[in-house]
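**Q** Before anything else, here's the structure in question.
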Amino acid sequence: MQTVEIKVKMECDGCESKVKNAISSMKGVKSVEINIKESRVIVTGYVEQIKVLKKVQNTGKKEEIWPYVKYNLESYPYAPGIYDKKAPSGYVKKDPQALCFFS
Numbered sequence: 776m777q778t779v780e781i782k783v784k785m786e787c788d789g790c791e792s793k794v795k796n797a798i799s800s801m802k803g804v805k806s807v808e809i810n811i812k813e814s815r816v817i818v819t820g821y822v823e824q825i826k827v828l829k830k831v832q833n834t835g836k837k838e839e840i841w842p843y844v845k846y847n848l849e850s851y852p853y854a855p856g857i858y859d860k861k862a863p864s865g866y867v868k869k870d871p872q873a874l875c876f877f878s
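This is the structure we're talking about:
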């Protein structure tokens, strides 16, 4: 079982239900959580990320893999290319080269 996080441009409750119904109809989906404010969709189940993206694309909505990480996981959250004004509150753009974990 895996979790797939994607960013989907949704503007109303109709958009939310359209996306949720499309994803829920997929084989292997256990749950679908949607946050319109963050434009975030979290799908849990036995699904492949690319298939979920294609299913959302078929609804006519703009979609992409969730491009953000929590603000506190980024070493330099205000570095060029990391800080994104469009990111939801508490998130910055995901950059694998800038992630730094200390043990």
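Take any residue in the sequence shown, note its place counting from 1, add 775, and you have its number in this note's numbering.
We put the beta carbon where it would ideally sit given N, CA and C, even for glycine.
1) Can you list the beta strand (DSSP E) stretches of 3 or more residues lying completely in the segment 803 to 840, in chain order?
2) What does DSSP give as the partner residue(s) for Thr783 in the beta ladder?
3) Might you give, ordered along the chain, the residues of its own chain that have their beta carbon closer than 7 Å to the beta carbon of Ile809, omitting 5 neighbours on each side?
4) Tell me which residues share the same chain as Gln832 and place their Cβ nearer than 8 Å to its Cβ, disregarding the 5 neighbours each side in the sequence.
5) How many angstroms separate the CA atom of Gly789 from the CA atom of Glu780?
**A** In terms of the structure at hand:
1) 804 to 810, 815 to 820, 838 to 840
2) On the sequence shown, residue 783 is found 8 positions in, with the first residue counted as 1. Looking at the sequence provided, one finds Val at residue 783 rather than Thr. Val783 is bridged to Glu838.
3) As a working note, residue 809 is residue 34 in the sequence shown. So the list reads Glu791, Val794, Lys795, Val816, once near-sequence residues are dropped.
4) Sequence index remark: in the sequence shown, residue 832 carries index 57 (1-based). So the list reads Glu838, once near-sequence residues are dropped.
5) By one-based count along the sequence shown, residue 789 stands at place 14. By one-based count along the sequence shown, residue 780 stands at place 5. One C-alpha to the other measures close to 20 Å.
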